[in-house]
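Single-structure report; data block below.
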Amino acid sequence: QLRAQNQVLKKGVVDEQANSASLKEQLKMKDQSLRKLQQEMDSLTFRNQQLAKRVELLQDELALSEARGKKNKKSVESSSQLSQEQKSVFNEDLQKKIEENERLHILFFEADEQHKRLEAELRSRLEVLETDAAQHQAVVDSLTKKYTETIEKLQNDKAKLEIKSQTLEREAKDCRLRTEECQQQLKNLQAALGSRLEESLCIINEKVPFNDTRSTRYNALNVPLHNRRNQLKLRDLTGQALAFVQELVTALLNFHTYTEQKVQIFPIDSATDTISPLNQKFSQYLHENASYVRPLEEGMLHLFESITEDTVTVLETTVKLKAFSEHLASYLGFLRKILPYQLKSLEEECESSLCTAALRARNMELHRDMKRLTAVFEKLHTYISLLALPSTRPEGLLRTNYNFVFTNIAASLHGFHDILKDISKHYSQKAALEQEVPTATQKLITTNDCILSSVAALTNGAGKMASFFSNNLDHFTTSLSCGPKGGTEFISPLSAECMLQYKKKAAAYMKSLKKPCADSVPYEEALANRRVLLSSTESREGLAQQVQQSLEKIAKLEQEKEHWMLEAQLAKIKLEKENQKLKNSLSGHLTETIQERSILPNVTEQKKETTEKSLREPIKSTSLCCLPKFLLCQAPDVESREDLIKTHYMARIAELTSHLQLADSKSVHFHAECRALAKRLSLAEKSKESLTEELKLASQNITRLQASKLFCNDELMTTKRSYEDQLSMMSDHLCSMNETLTKQREEIDTLKMTSK
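Numbered according to the working numbering, the sequence shown terminates at residue 756, and the numbering increases by one at each position without gaps.
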């Protein structure tokens, strides 16, 4: 039934589609005819406007001719008669044209109205038919879609099953082939491996004296694989641990120092009264805290410095961990030494009259906390000393127990953090209660605040350390338990040390094999710097000239140096002779002293003259008179005066040579700048010539554009004339359009008949 209905619906849809197509074609034809009529109507209106203008012009001419005719009626009677006849003829033509236009307008309006009505009816009918066709098409589409979907599903299932069957068959064939190939390869490999095994066994028996990987004693000397990333991470973690230890050390120092101040203030102030011998001994021990706490930081710093990028860091090679455990043992001994005094001091404070019941309860809580704190430090020292055993006695700690030791250290650090939180809580309550005591001073309050801040810093540092150690626990256990290839562990610290030496030798050998390639300038960068190099002051020619000039100056200076060296030697010989003469003759010495006294006034006069000249002239004098007067007066001996003169001349020569060198360097710099400016000037002239050529080309292009503009103006004039000719042709075409209008009327009549 559905198929029969489907066929009937298909026939109806096809008929409706044919009807709608025919109606659409009729609508298109009607639209085309309407467009033609509208164009003809526009041309008729344009022609009517032209005729109206022409009539106005004729009327104006008629009025002018009548005005002239009044003046000379006699001379122009014949011409007036002709003009009247022409006027009558034109009026008749105009009247006929007007009547025809009215009639054509009426007919066009009636035809347009009929066409609009017919178009509206046809469109409404077309819409109804389209809706019916759309409904039928929707039903047909839904049915076809269902059928196609079911057919496609069945076809897809069939294709999938066929593909699966084909693939399974192929896979079965491939598996058979592979099994055959694998069996063949297995036979070949067994034969090849058997032959290679025999050869290798023969070579090992003949050439290899022993296998070092079999014995742990020799295998410990083999260098393990170097993991640079692991080493860098381990160094980074050790650096973080060093920072946490430094925080803990500063906090412990502050805690012990402020506790010492508190013991001397409360319950008895040492400034007003003598404290008990117990507290005196306790404060004396607390005063020594720096000698036990500071080594912890130093030991951790040495441990951090021992872990580098090039070393192999395992527990067997970390020798500095033993020193850190020893420092921790000394600090633990310090805590054990001060613990009974601290407990007795708290008990003594509870027995004082100022202590209330609440304060006594807080003191007993702190009493228990201090015991727990010492016990936690004992645990930490035990586990850290266990970690330090592989670097001294490897048999003391097996590798299987590394994870257990690290987990216990993490648990101890968390316990240390919890105890410090309890101490901070109880101490803050105790400080609040002590402030309520009537004899509480400002010094006591500030000391309590300092102790609370140090305890808070301790708790923060301990929490950071505990979380840090627990987060990196797996890394510590894996990285610190690696060993040589094929072995489980290092035999002794000595073997680990030998292994590190072998590793350094191997690294040095690998570095010697590497030869770095010489750096080269990239091609693009060299091209970009070409223009800079052309105008650079350090061009090849300029540098060559500078080098040549400097070589000439160096040669001259060497000649002058040799000359002055000879002069200096001669002067030294003369000076020695003079000194010998002066020493041999005592009378000469007396005369020299007399001459010296007589020279002093002359020297002062010369000094005044040189000062006047120096005021007049800006140039410095190089004579002996430039020496200060007090220097000459302070030089009683001839030798000292000669030394002064020598130093003065040497300073002056050095100053003049520095000025000369500065002037030479400036002249060389200015010469290089002048050469660079000359090069830049030549480049600018070249660019100027290229720009002038471009300017000439641009002026030529401007003249060409002006000529093309004139040509375009001529073309516009010709097109204007052609349009005027076309307008005149349109006026002639108006007559032919009238004939076409009649034909359109007949077509409209036929369309009316067909629509009926």
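All C-beta atoms, glycine included, are put in the ideal place defined by N, C-alpha and C. All values derive from a computational prediction rather than experimental measurement.
Burial state of residue i (16 or more Cβ within 10 Å)
i	result
I419	buried
Q49	exposed
S550	exposed
L183	A quick correction: the sequence has Gln, not Leu, at residue 183. When all chains shown are included, Q183 counts as exposed.
M565	exposed
F406	buried
I702	exposed
G299	buried
E110	exposed
I204	exposed
P390	buried
E612	With a pLDDT of 40 at E612, under the threshold of 50, the modelled position of this residue cannot be trusted; read the value that follows with caution. Result: exposed.
N471	exposed
C142	Note that residue 142 is Ser in the sequence shown, not Cys. When all chains shown are included, S142 counts as exposed.
T313	buried
T622	Because the pLDDT at T622 is just 40, under 50, the model does not fix this residue reliably, and the point stays unresolved.
R35	exposed
R336	exposed
D369	buried
Beta carbon of residue i nearer than 9 Å to that of residue j
i	j	result
E378	D422	no
K102	K30	Reading off the sequence shown, one finds Glu at residue 102, where the question assumed Lys. Result no, Cβ atoms of E102 and K30 do not sit closer than 9 Å.
L354	T439	yes
L444	I265	yes
L296	L339	no
F90	L58	yes
V668	Q548	no
L44	L107	no
T459	H426	no
S20	A133	yes
K464	N448	no
Y402	T477	yes
V249	V293	yes
A457	E260	no
L23	L154	no
L51	K87	no
S424	V455	yes
Q38	L122	no
L397	L315	yes
Alpha-carbon to alpha-carbon, residue j and residue i
i	j	result
K160	D15	42 Å
E351	A357	11 Å
D758	E149	Outside the shown range of the chain, which is 1 to 756, sits residue 758, and nothing can be said about it.
K28	M41	20 Å
L413	E436	35 Å
F255	F304	26 Å
E617	I645	Note on E617: pLDDT 39, under 50, position unreliable in the model; no value is reported.
F334	T374	10 Å
A172	K164	12 Å
G12	T144	16 Å
L691	K553	45 Å
L317	N408	It should be noted that the sequence gives Thr, not Leu, for residue 317. T317 and N408: Cα-Cα distance of roughly 22 Å.
H671	S665	10 Å
E655	Q559	20 Å
I275	E349	12 Å
L197	R229	38 Å
L177	N188	16 Å
S467	H367	27 Å
F46	Q84	28 Å
T131	I151	30 Å
F404	S291	32 Å
E642	M650	12 Å
R3	Q135	18 Å
Q700	K686	22 Å
Supposed close pair residue i, residue j - CB separation, criterion 8 Å
i	j	result
Y331	F282	Between F282 and Y331 the Cβ distance is about 17 Å, and since that is not below 8 Å, they are no contact.
L359	E434	7 Å
A241	G461	In fact, because the Cβ distance is near 11 Å, the residues do not count as touching under 8 Å.
A410	L473	6 Å
C450	Y285	No, C450 and Y285 are not in contact; Cβ-Cβ is about 19 Å, not under 8 Å.
S306	S385	About 18 Å; that fails the 8 Å criterion.
L237	E309	That belief does not hold up - the Cβ atoms of L237 and E309 are roughly 14 Å apart, past 8 Å.
N279	L253	Actually they are not in contact, since the Cβ atoms of N279 and L253 sit about 20 Å apart, beyond 8 Å.
Interface flag, residue i vs chain B, CB-CB below 9 Å
i	result
A571	No chain B appears in this structure, which consists of one protein chain only.
Worksheet item: At which residue ranges does the region 374 to 436 contain complete alpha helix (DSSP H) runs of 4 or more residues, listed in the order of the chain?
Response: 402 to 435
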